[in-house]
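Chains as they are written, first to last, in this note's numbering: chain A, 1 to 425; chain B, 1001 to 1289. Ideal Cβ positions, reconstructed from N, Cα and C, are used throughout, including at glycine. All figures in this text were calculated on a predicted structure; none of them were measured in a lab. See structure below.
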Amino acid sequence: MHSFFDIVGFEYKKMFKRKSTMVSLFLLVIIVVLFNIVSVTSTSYWHLTGGTSTFEAMKLDKEVIRSKAGVMDEVFIKEAIEQNTIMINDDENYLINEYGRHLKSDAYIKYVLPYKKAVDIINNVYEKNTGELSTDGFQVFNPGRVKPIDTLTVNDAKSFYASINRALVVYITGLANLSQNEKEKHFDMLSEVTTPYYNDHYDGYLYFNKYLEVIALAIMIAIAFCISPVFAHEYYLKTDQIILSSKYGKSKAIFAKLFTGVTFSVAVSVVVLFYFLLSMLSIHGINGANMAIQTINVYSTYPLTLLQASLIGINVTIFITLFFGILTMLFSAWLKSPFLVITASFLLLFAPGLFNVSPKTRLLYQLFQIFPAKATQYSNIYSNYLFEVLGSVYTPATFYIVFASIGSLLTIPFIKYTFKNHQIG
Amino acid sequence: MELTIDRLTKQYQNKIAVDRISLTLTRGVYGLLGANGAGKTTLMRMMCGILRPTSGEVKFNGIDVNHEDYRDVLGYLPQYFGYYPEFTAMEFLCYMASLKGLPKQRAKEKSTELLELVSLFDMAKRKIKTFSGGMKQRLGIAQAMLNNPKILILDEPTAGLDPKERVRFRNLISQLGIDRIVLLSTHIVTDIENIAETILIMKDGQLIHKGSLEDIIKIIEGKVFECSVDSKTAKKLSNLYPIINLREGKDKTFIRFVCDENPCENAISVRATLEDLYLYYFSEVGENA
């Protein structure tokens, strides 16, 4: 066993002595830091006025939202509706000109911002014009029109969760591309959603999940550059001859290479993803862990908190990244040229993005959803389109993890066979 | 200690690289001679288990070439020796030692010992990418000996070595041949002449001769001639016989060639060497004309 870990040590040494590894990891860190910064600078904060810095405005917005942190119960919803009514009935809160009534920032901060999550949900659930709905991603607040909350009275607060439930049932039932089994699974999940929701500031989790797919893609690109030479470089440098003619060249050496690739992929994913989560939480605040995923997308049926959703996202990304790393090693053992390996890995990552497949053709649609860059997207992990295998319905997260695990285990013997049986000459 | 090669054949689509070679090697140094494309490297690769033969088998003391126990007693220096440019000599040897199953401490000791043996001890901490061709070749020789192999296969081991290094290397190989099987191929005939107890000559994938230097040279004994002739005669002889040496003088041309019978009056029969034999087999008649 000692010799195995000695070989692993040398495999790591080989990897870290390559400039491409160091450059890839450095760029990965830069991308993570860049998205930390972008998460702050790309947002329009209500407190952002002439003399206030972006970071200060972010803190002030957060303070206002956090002032109403707590359970999103009937009292809270009533308050949200009441405050909205007070606001819309006072023209002082608006700038009125020939183009219409424009809500002043101060008024928004005072009457809406503390209840923002509830207001967003109401405006989605009670919306009659479906064109205004955000169905699958992150919702957009549109201040320039009469919104559903403007039409509610405090009595409507009683039916807040019943209305959400009703809207969700109507929405799921209306999805033509879902099978009956999928719909039942959604209703089962919906029945497990804990109410009342919790209200808090959740930007740390919001931005983590929003940028997860970009970070996952960056991780996989870095892994492709670091791992692609694991076998291919031996052919390229002509060291394959001395490795394969050595005692452990056709056994422990191959497993050591696989072990190195696997542990490197997992280590990079775990470190980067947790660093990204923790950095987002330290920038935007650690609050919001126990908020329901529905506060991001009210039409989601997943019974999860934002912390759980983020951890599941991390899990899925780790497994997908691991499988991607193993496929890269297969290319590396098979294609022999590091350039071809990188090309094949990049095709695996980017080619599916070139095709827009409609969910109407479910099999093809789901086939595209399991490609690494798609499987790590928040909207796909928590998609309404579930995976049905042999009559059982699985959430995408479960399916991706099982698929990546089985795929990884099945690919490993091929890698071993390919390198072991490589013929010199 | 016996390495047996039984009807070993490697056939590519349109070419038979190695054609039914059967051999039994015991302790000692074996020199493999042959022109480019004769099949030497292919034969050696099959003996190292890195090229699958079309048919036939290779066994050491009954252990098949594909078995881990076979590779455990094998040391191999390939013709084109690959290395890791960013590794130091010591790191490289320790890595190879771990692949050969040496424990960490033993790997360090053995690597140090071999670096001294190939005169690279002072360069132990230098990156291999800074090494000259000769230094890389010496490092390659060191890695082949890490596991104290019973079978040592060296494909063109003296390529890139300067004359002094070559002499040192030849002496080393002679010592190693005492208690193991050493098979080396080279184009440098004098290397084989000096150290190989048994010489194997390959041509077109077949083993055409096997024996000691004396046995092999007997084939052309009395057939090597030297003479000084005018350039016209020299040209005529070049077109008829394999030329071993041709040197233009002021009035005459000195010529050494192989011929079954004395072709001209002033030619004298001289003692044959291995180089004469090599050129007899592998030079094209008329190529020096």
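Exposure of residue i, with buried meaning 16 or more beta-carbon neighbours within 10 Å
| i | result |
| --- | --- |
| R1007/B | exposed |
| P1157/B | buried |
| I1141/B | buried |
| K22/A | Here residue 22/A is Met; the residue named in the question, Lys, does not match the sequence. Result: exposed. |
| C1048/B | buried |
| C1264/B | exposed |
| V170/A | exposed |
| P1103/B | exposed |
| I406/A | exposed |
| A178/A | Here the sequence assigns Leu to residue 178/A, which means Ala is not the residue at that position. Answer is buried; the Cβ neighbour count reaches 16. |
| D188/A | exposed |
| F76/A | buried |
| L1245/B | The residue asked about is misnamed: residue 1245/B is Asn in this sequence, not Leu. With fewer than 16 Cβ atoms within 10 Å of its Cβ, N1245/B is classed as exposed. |
| F419/A | buried |
Residue i, DSSP secondary structure in three states
| i | result |
| --- | --- |
| E184/A | helix |
| R1052/B | coil |
| N199/A | strand |
| A1017/B | strand |
| S1185/B | strand |
| G407/A | helix |
| Q968/B | Only positions 1001 to 1289 of chain B appear in the structure, and residue 968/B is not among them; the question remains open. |
| C1264/B | coil |
| K1100/B | coil |
| H284/A | helix |
| M329/A | helix |
| L426/A | Outside the displayed range of chain A (1 to 425) lies residue 426/A, so it cannot be described from this structure. |
| P143/A | Annotation note: pLDDT 48 at P143/A (below 50); position unreliable, coordinate value reported separately. Coil. |
| N123/A | helix |
| N84/A | helix |
| I1153/B | strand |
| S358/A | coil |
| F1118/B | Per the sequence presented here, residue 1118/B reads as Val, with Phe not at that position. Three-state result, V1118/B: coil. |
| F1081/B | coil |
| R1180/B | coil |
Contacting residues, own chain, Cβ-Cβ under 8 Å from residue i (five flanking each side not counted)
| i | result |
| --- | --- |
| F264/A | Y12, M15, I223, C226, I227 and G325 |
| T1024/B | E1002, L1003, T1004 and I1005 |
| D1019/B | T1009, G1039, D1204, G1205 and Q1206 |
| F350/A | A373 |
Chain-ordered chain A contacts of residue i [CB-CB under 9 Å]
| i | result |
| --- | --- |
| Q1206/B | What Q1206/B touches in chain A: nothing, since even the nearest Cβ is about 18 Å away. |
| N1014/B | Within 9 Å Cβ-Cβ: nothing; N1014/B doesn't reach chain A, min ~15 Å. |
| N1147/B | S246 and K247 |
Proximity test, residue i beta-carbon vs the ligand ZN heavy atom, cut-off 8 Å
| i | result |
| --- | --- |
| D150/A | Of the ligands one can find in the structure shown there are none, so the ligand ZN has no counterpart to examine. |
Per-residue contacts from residue i into chain B (C-beta, under 8 Å)
| i | result |
| --- | --- |
| A253/A | L1099 |
| G249/A | R1071 and L1099 |
| F10/A | E1091, C1094, Y1095 and S1098 |
| K17/A | Y1084, E1086 and F1087 |
Chain-ordered chain B contacts of residue i [CB-CB under 9 Å]
| i | result |
| --- | --- |
| Y115/A | Within chain B, no residue comes near Y115/A; the closest Cβ sits about 60 Å away, beyond 9 Å. |
| K14/A | Y1084, E1086, F1087 and Y1095 |
| I30/A | Neighbours of I30/A on chain B: none; closest Cβ ~24 Å, over 9 Å. |
Neighbouring residues, chain B, relative to residue i (Cβ below 7 Å)
| i | result |
| --- | --- |
| G425/A | T1042, R1045 and L1051 |
| F319/A | Correct list: empty, because the minimum Cβ distance to chain B is about 31 Å. |
Within chain A, partners of residue i - CB distance below 7 Å
| i | result |
| --- | --- |
| L1074/B | S245 |
| C1048/B | S245 |
| Y1080/B | K238 |
| E1068/B | K247 and S251 |
| Q1143/B | I242 |
Residues near residue i by beta carbon distance below 6 Å, same chain, minus five either side
| i | result |
| --- | --- |
| S163/A | V125 |
| Y378/A | N209 and L212 |
| K1129/B | P1085 |
Residue i: contacting residues in chain A (beta-carbon distance under 8 Å)
| i | result |
| --- | --- |
| Y1083/B | L237 and T239 |
| P1157/B | Under the 8 Å cutoff, chain A gives no residues; its nearest Cβ is about 14 Å from P1157/B. |
| N1036/B | None at all; the shortest Cβ gap to chain A is about 15 Å. |
Same chain, Cβ closer than 7 Å to residue i, five either side skipped, listed in chain order
| i | result |
| --- | --- |
| Y1076/B | C1048, A1144 and I1153 |
| I219/A | L28, V268, S269, V272 and T321 |
| K1110/B | A1097, L1102 and L1146 |
| D1260/B | K1223 |
| A176/A | none |
Next on the checklist: Within 8 Å, do at least three Cβ pairs link the region 1057-1077 of chain B to the region 239-254 of chain A?
Outcome noted: yes
Item to check | Segment contact, 8 Å Cβ cut-off, at least three pairs: the region 1221-1235 of chain B with the region 1046-1063 of chain B | outcome: no
Item to check | the region 1207-1220 of chain B in contact with the region 1243-1257 of chain B per 3-pair CB rule at 8 Å | outcome: no
Checklist entry - Counting Cβ pairs, one atom from each stretch, are 3 or more of them under 8 Å apart for the region 393-405 of chain A and the region 361-375 of chain A? => result yes
Next on the checklist: Using 8 Å as the cut-off, can you tell me whether the region 68-84 of chain A makes contact with the region 150-158 of chain A, which would need three or more C-beta pairs spanning the two stretches below that distance?
Outcome noted: yes
Checklist entry - Does the region 79-92 of chain A come close enough to the region 40-60 of chain A to have 3 or more Cβ pairs within less than 8 Å? => result no
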